[in-house]
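**Q** Heads up: the sequence lines are chains Z and G, in that order.
Residue numbers for the first sequence follow my numbering, beginning at 1 and rising by one.
Residue numbers for the second sequence follow my numbering, beginning at 298 and rising by one.
Below is one structure. I have some questions about it.
There are 2 protein chains.
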Amino acid sequence: MANNNSLLKTALIQQKFHGSKEATIAVTSSLVAEAAKGGAKLVVLQELHQTEYFCQSENTEFCSYANSFEEDVKYWSNVAKQNNVVLVSSLFEARAPGLYHNTAVVFECDGSVAGKYRKMHIPDDPGFYEKFYFTPGDLGFEPITTSVGKLGVLVCWDQWYPEAARLMALRGAEILIYPTAIGWFDGDTTEEKDRQLNAWITIQRSHAVANGLPVISVNRVGFEKDSTGVLDGIRFWGNSFVCGPQGESLVHANSEDEKVIFVEIDKQRTTDVRRIWPFLRDRRIENYSGLTKRYLD
Amino acid sequence: MANNNSLLKTALIQQKFHGSKEATIAVTSSLVAEAAKGGAKLVVLQELHQTEYFCQSENTEFCSYANSFEEDVKYWSNVAKQNNVVLVSSLFEARAPGLYHNTAVVFECDGSVAGKYRKMHIPDDPGFYEKFYFTPGDLGFEPITTSVGKLGVLVCWDQWYPEAARLMALRGAEILIYPTAIGWFDGDTTEEKDRQLNAWITIQRSHAVANGLPVISVNRVGFEKDSTGVLDGIRFWGNSFVCGPQGESLVHANSEDEKVIFVEIDKQRTTDVRRIWPFLRDRRIENYSGLTKRYLD
């Protein structure tokens, strides 16, 4: 049922941290150019793609990364414009001294800011001390309207929450997008590593299924040492992927390569799939009020 | 971390329709006995296990199946008691003339009724005309307390709704259980069949992941002809399975065999997994009110 208007050439940029912000954004910029040259109209970057995943430790020095937020926005605005692509970036936003967000900024292909999303669900577990850095988002779950469609941009930990995906779908998102930074601890068993990776893939594919939407997930690769030496570090597992609205795999990267991943997303399939699986028709909304409670004890 | 108290020997009964209700329940009863002999303390039957999947057509004659609900409850009560197992059955309930439910009745191992659940989400698509037969449930999403734990019993179409699984989890369910009846149309392509089966597995595994709970899904096997001749019929795809609280497969049946499927579920793993992945901690409940709306346009 695809037609030329419903096909969206998309690129995911799965990459490493290159030792410094300057070196990293230079690589990213060249990969965005490669994506555009390959015909991508939508380019999605991974979570906090400018730097190392600094949340491995609680260190006030890292807050300085957020101070360049305005300049960062200008920089990626220019990259979007130069390459004539809609660009999903993931930045560290200083909003006021001591008030920071993990913020996805989406740029229109003319470089204008189409919208932003502040990460709503904030994790905190050993090696992922995000509650230290990031105030939970206060912009809610609102899709961002762009020339390539309404984008339901969520970030990393959000991916474990069916509520977030559903709310984006109910507000008309056409694609769910997850910039993310997740990986393995080398000390874990192979079985535990497999369970974690498969759970991460499964939950995101399920958002596609439940909502009849394509899902894009972009994760970093490479090993990043814990600078405090408390833990060894994180081996980011890559596996960036895109699935269609039945959860079917459209493209799936490996756990190591830094690369541009191209995929063609057929936006028309959402309508086709939702006609055969009209899950939105049958929601028992009058019985869902408990979802707004912490626990029903 | 398992200990003897946290291990629950469970059996799933994946079966065919044997041409009549009498023949079918005789087979089921012997399979429950086999399950009990094998040590199962919890036995789960598939959706509407007493008969053919009659919802392939809209035929008032089939409503007669519901009239024996009280006798059916007595019959399965006795099976539970005889075999000393907690038994999850799936029956067609006549509540009043013209008012029917698709009802899971759970029996304690002494034969008493532990509780029931009336299917909340009712499908309706070609070959699955359930809205003709079943009034949507009015008992809400309430786990059923038994000697083997609090069971979050849901039925078939419910499996596509993350809301249902979450509400059961928030009310303290320790295991999510889905009796189901789903299959392929022979006329579909292999690719479409694969997408459907994988979507069905993925969405249910995702409920395990999102809620840190084991999931049991029991589906029928065998080809059942459409008696009206409008469609060819449904080839029920089996694939009954159990996964643990990270969505990891514990047991998975094939698409053809009628059999008892044994599995040991370690209930302690929920606590262990929820400690490393404390998703319930971080839900943004103040931003979830939109979930009680049909659509946010």
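Glycine residues also receive a C-beta, built at the ideal position from the N, C-alpha and C atoms.
Keep in mind it's a predicted model, so treat the numbers as computed, not measured.
Could you check where the beta strand (DSSP E) with histidine 346 of chain G kicks off and where it finishes?
**A** The residue given as residue 346 of chain G occupies position 49 in the second sequence. That residue, histidine 346 of chain G, is in no beta strand (DSSP E); it is neither H nor E in DSSP.
**Q** Using alpha carbons as the reference points, say which of Z:Tyr178, Z:Phe17 and Z:Pro126 lies closest to valine 242 of chain Z.
**A** Numbered from its first residue, the first sequence carries residue 242 of chain Z at position 242. When each option's Cα is compared against that of valine 242 of chain Z, the closest is Z:Tyr178.
**Q** Mind listing the chain G neighbours of alanine 310 of chain Z? Cutoff is C-beta to C-beta under 7 Å, in chain order.
**A** The question about residue 310 of chain Z has no answer here: the residues shown for chain Z are numbered 1 through 297.
**Q** Tell me which residues share the same chain as glutamate 355 of chain G and place their Cβ nearer than 6 Å to its Cβ, disregarding the 5 neighbours each side in the sequence.
**A** Along the second sequence, one-based indexing puts residue 355 of chain G at 58. If we look at glutamate 355 of chain G and ignore the five residues flanking it on each side, its Cβ neighbours are Tyr426 and Phe429.
**Q** According to DSSP, is histidine 398 of chain G helix, strand or coil?
**A** As a first step, residue 398 of chain G must be located in the second sequence, where it is residue number 101. It is a strand residue.
**Q** Using a beta-carbon distance below 8 Å, is glycine 437 of chain G in contact with chain Z?
**A** On the second sequence, position 140 is the one that residue 437 of chain G refers to. So yes, glycine 437 of chain G belongs to the interface.
**Q** Let me check one thing: in DSSP terms, what residues is alanine 308 of chain G bridge-paired to?
**A** For this step, residue 308 of chain G is matched to residue 11 along the second sequence. G:Val340 and G:Phe559, per the DSSP bridge assignment.
**Q** Tell me the rounded alpha-carbon separation between leucine 467 of chain G and leucine 296 of chain Z.
**A** Locating residue 467 of chain G in the second sequence gives position 170, where the first residue counts as 1. Locating residue 296 of chain Z in the first sequence gives position 296, where the first residue counts as 1. Those two C-alpha atoms are separated by around 5 Å.
**Q** For lysine 590 of chain G, go through chain Z and note every residue whose CB falls closer than 8 Å to its CB, in chain order.
**A** If you number the second sequence from 1, residue 590 of chain G lands on position 293. Under the 8 Å cutoff, chain Z gives Leu170 and Ile285.
**Q** Closer than 8 Å, CB to CB, is leucine 296 of chain Z near chain G or not?
**A** As a working note, residue 296 of chain Z is residue 296 in the first sequence. Closer than 8 Å: yes.
**Q** For arginine 284 of chain Z, which option in G:Val324, G:Arg566 and G:Lys416 has the closest C-alpha, if you only look at C-alpha atoms?
**A** Stepping through the first sequence from its first residue, residue 284 of chain Z is reached at position 284. The shortest C-alpha separation from arginine 284 of chain Z is found at G:Lys416.
**Q** Residues of chain Z with CB closer than 8 Å to the CB of phenylalanine 576 of chain G, please, in chain order.
**A** Counting from 1 along the second sequence, the entry for residue 576 of chain G is found at position 279. Within 8 Å Cβ-Cβ: Trp160 and Tyr161.
**Q** Note down, in chain order, every chain Z residue with its Cβ under 7 Å from the Cβ of arginine 502 of chain G.
**A** Numbered from 1 along the second sequence, position 205 holds the residue referred to as residue 502 of chain G. Going along chain Z in sequence order, the residues near arginine 502 of chain G (Cβ under 7 Å) are Thr202.
**Q** Can you tell me the Cβ-Cβ gap for valine 85 of chain Z and leucine 151 of chain Z, rounded? I've got them flagged as a contact below 8 Å.
**A** Your numbering for residue 85 of chain Z matches position 85 in the first sequence. Your numbering for residue 151 of chain Z matches position 151 in the first sequence. With a Cβ gap of about 13 Å, valine 85 of chain Z and leucine 151 of chain Z do not count as contacting.
**Q** Could you please give me the residues that DSSP links to cysteine 243 of chain Z through a beta bridge?
**A** As a first step, residue 243 of chain Z must be located in the first sequence, where it is residue number 243. Z:Val215 and Z:Ser249.
**Q** Which same chain residues, not among the five before or five after serine 64 of chain Z, have their C-beta less than 7 Å away from its C-beta?
**A** Start at 1 with the first residue of the first sequence, and residue 64 of chain Z comes out as number 64. Within the same chain, serine 64 of chain Z has no close Cβ partners at all.
**Q** First and last residue of the alpha helix (DSSP H) that includes arginine 166 of chain Z?
**A** In the first sequence, residue 166 of chain Z corresponds to position 166, counting from 1. Arginine 166 of chain Z -> alpha helix (DSSP H) spans 162-170.
**Q** Mind listing, in chain order, the continuous beta strand (DSSP E) runs of no fewer than 3 residues lying wholly within the segment 60-146 of chain Z?
**A** Within the segment 60-146 of chain Z, the complete beta strand (DSSP E) runs of at least 3 residues are 86-96, 99-107, 113-118 and 144-146.
**Q** If you draw a straight line from the alpha carbon of threonine 145 of chain Z to that of asparagine 536 of chain G, how long is it in whole angstroms?
**A** As a position in the first sequence, residue 145 of chain Z is number 145, starting the count at 1. As a position in the second sequence, residue 536 of chain G is number 239, starting the count at 1. Going from the Cα of threonine 145 of chain Z to the Cα of asparagine 536 of chain G covers about 40 Å.
**Q** Could you tell me if glutamate 61 of chain Z is buried or exposed, where buried requires 16 or more neighbouring beta carbons within 10 angstroms of its beta carbon?
**A** On the first sequence, position 61 is the one that residue 61 of chain Z refers to. Exposed is the call here.
**Q** For leucine 504 of chain G versus alanine 462 of chain G, is the C-beta spacing smaller than 8 Å?
**A** The sequence position of residue 504 of chain G within the second sequence is 207, counting from 1. The sequence position of residue 462 of chain G within the second sequence is 165, counting from 1. At residue 504 of chain G the sequence reads histidine, which differs from the leucine that was named. Their beta carbons are under 8 Å apart, which means histidine 504 of chain G touches alanine 462 of chain G by this criterion.
**Q** According to a CB-to-CB cut-off of less than 7 Å, which residues of the segment 38-56 of chain Z neighbour chain G?
**A** Answer in chain order: no residues at all.
**Q** Can you grab the Cα-Cα spacing for the pair phenylalanine 438 of chain G / leucine 464 of chain G, in whole Å?
**A** In the second sequence, the residue the question calls residue 438 of chain G occupies position 141. In the second sequence, the residue the question calls residue 464 of chain G occupies position 167. The straight-line gap from Cα to Cα measures roughly 6 Å.
**Q** Could you give the first and the last residue of the continuous alpha helix (DSSP H) run that contains isoleucine 322 of chain G?
**A** Here residue 322 of chain G refers to the residue found at position 25 of the second sequence. Start and end: 318-334.
**Q** Can you check whether the CB of glutamate 52 of chain Z is closer than 8 Å to the CB of glutamate 224 of chain Z?
**A** One-based indexing of the first sequence puts residue 224 of chain Z at position 224. One-based indexing of the first sequence puts residue 52 of chain Z at position 52. Closer than 8 Å, so yes.
**Q** Which first and last residues belong to the alpha helix (DSSP H) in which valine 273 of chain Z is found?
**A** For the purposes of this step, residue 273 of chain Z is taken as the residue at position 273 of the first sequence. Residues 268-276.
**Q** So with CB distances below 8 Å, who are the chain Z contacts of histidine 418 of chain G?
**A** Reading the second sequence from its first residue, position 121 is the one you call residue 418 of chain G. Per Cβ cutoff of 8 Å: Asp282, Arg283 and Arg284.
**Q** So is asparagine 211 of chain Z buried or exposed if we call it buried at 16+ other beta carbons inside 10 Å?
**A** For the purposes of this step, residue 211 of chain Z is taken as residue 211 along the first sequence, with counting starting at 1. The residue is buried, with at least 16 neighbouring Cβ atoms inside 10 Å.
**Q** At the level of alpha carbons, what is the spacing between valine 410 of chain G and serine 374 of chain G?
**A** Mapped onto the second sequence, residue 410 of chain G falls at position 113. Mapped onto the second sequence, residue 374 of chain G falls at position 77. Computed Cα separation, rounded: 7 Å.
**Q** With a threshold of 6 Å on Cβ separation, who are the neighbours of glycine 115 of chain Z within its own chain once the five nearest residues in sequence on each side are excluded?
**A** As a position in the first sequence, residue 115 of chain Z is number 115, starting the count at 1. Closer than 6 Å at the Cβ level, and outside the excluded window around glycine 115 of chain Z, lie Val106 and Ile144.
**Q** Does the segment 243-250 of chain Z come into contact with the segment 264-277 of chain Z, if we say contact requires no fewer than three beta-carbon pairs (one atom in each stretch) closer than 8 Å?
**A** A contact exists between the segment 243-250 of chain Z and the segment 264-277 of chain Z.
**Q** Compare the C-beta of methionine 1 of chain Z against all C-beta atoms of chain G and say whether one is closer than 8 Å.
**A** Residue 1 of chain Z sits at position 1 when you count from the first residue of the first sequence. Unreliable positioning characterises methionine 1 of chain Z in this predicted model, as indicated by a pLDDT of 48, which lies under 50. The coordinate reading is nonetheless provided below. No, methionine 1 of chain Z does not count as interfacial toward chain G.
**Q** Taking DSSP as the reference, what is the three-state secondary structure of glycine 290 of chain Z?
**A** Within the first sequence, numbered from 1, the residue matching residue 290 of chain Z stands at position 290. If DSSP states are grouped into helix, strand and coil, glycine 290 of chain Z belongs with the helices.
**Q** From tryptophan 457 of chain G to phenylalanine 279 of chain Z, what does the alpha carbon distance come to, in whole angstroms?
**A** Reading the second sequence from its first residue, position 160 is the one you call residue 457 of chain G. Reading the first sequence from its first residue, position 279 is the one you call residue 279 of chain Z. Each residue's Cα considered, the two are about 7 Å apart.
**Q** Is the separation between the beta-carbon of tryptophan 454 of chain G and that of histidine 398 of chain G shorter than 8 Å?
**A** Here residue 454 of chain G is taken as the residue at index 157 of the second sequence, counted from 1. Here residue 398 of chain G is taken as the residue at index 101 of the second sequence, counted from 1. It is not a contact, given that the beta carbons lie outside the stated cut-off.
**Q** Ignore the nearest five residues each way along the sequence and tell me which others in glutamine 379 of chain G's own chain have a CB closer than 7 Å to its CB.
**A** Here residue 379 of chain G is taken as the residue at index 82 of the second sequence, counted from 1. Contacts found: none.
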